[in-house]
Amino acid sequence: NIKNGRTSIVFLQLYVFVLPMIAIVTLITNLLVIGVLSKKNLRTPTNYILLTMALCELLTGLSSAPWSVYYLVIYDITPDLEMSDWWCRYHQFFALHMPALFHTAAIWLTCYLAIQRYFYISMPSLMASSYTEE
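Sequential numbering of the sequence shown, starting at 201, is according to the numbering used here.
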């Protein structure tokens, strides 16, 4: 994959074209889900969880995408640019820790959704009385 300290042309094309397209599709689909589930007539406990999951996944992509695009696309084309002190300090936080935090939150929300669905199915009468909107 790496030849003489440089990324091969195949992987560079992958970084330049495919990864930004995946990021754009992810951004658009999560924004659509957030837009649909935030409608007033769709406010249910399950939809709140789905809305929060979409928001977490959106933040996962938004927190790491600018760093990845810069590092993999711009810096790889011109490696003689010197990284600033700010970049070196905050890159690890924004490109590694923040996405992990948001993605972990989405995973826990998925677990919560599974538990909620289990109780809805196994105890429907109890759940109907506890989750009705007034």
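Glycine residues also receive a C-beta, built at the ideal position from the N, C-alpha and C atoms.
Spatially closest choice to residue i from the options, by CA coordinates
i: residue 250; options: 260, 265, 237 and 261; result: 237
i: residue 261; options: 216, 325, 225 and 213; result: 225
i: residue 307; options: 298, 211, 240 and 256; result: 256
i: residue 269; options: 321, 232 and 295; result: 295
i: residue 252; options: 322, 319 and 312; result: 312
Helix, strand or coil at residue i according to DSSP, with G and I counted as helix
i: residue 284; result: coil
i: residue 327; result: helix
i: residue 201; result: Reliability fails at residue 201, whose pLDDT of 45 lies under 50, so the model's placement of it is uncertain and the value that follows must be treated cautiously. It is coil, neither helix nor strand.
i: residue 239; result: coil
i: residue 244; result: coil
Close-in-space but distant-in-sequence residues of the same chain around residue i (CB under 6 Å, 5 per side omitted)
i: residue 259; result: 302
i: residue 246; result: none
Alpha-carbon to alpha-carbon, residue j and residue i
i: residue 292; j: residue 219; result: 20 Å
i: residue 242; j: residue 248; result: 9 Å
i: residue 201; j: residue 213; result: Residue placement at residue 201 cannot be trusted, given a pLDDT of 45 that sits under 50; what the coordinates show is reported in the next sentence. Straight-line Cα distance between these residues: approximately 12 Å.
i: residue 264; j: residue 325; result: 43 Å
i: residue 266; j: residue 228; result: 16 Å
i: residue 287; j: residue 298; result: 15 Å
i: residue 323; j: residue 317; result: 10 Å
i: residue 304; j: residue 215; result: 25 Å
i: residue 284; j: residue 300; result: 24 Å
i: residue 239; j: residue 210; result: 43 Å
i: residue 233; j: residue 221; result: 18 Å
i: residue 309; j: residue 289; result: 30 Å
i: residue 320; j: residue 235; result: 26 Å
i: residue 328; j: residue 223; result: 39 Å
i: residue 315; j: residue 254; result: 18 Å
Close beta carbons around residue i, own chain, < 8 Å, minus the five adjacent residues each side
i: residue 231; result: 258
Cβ shell of residue i (< 7 Å), same chain only, five flanking positions each side left out
i: residue 244; result: none
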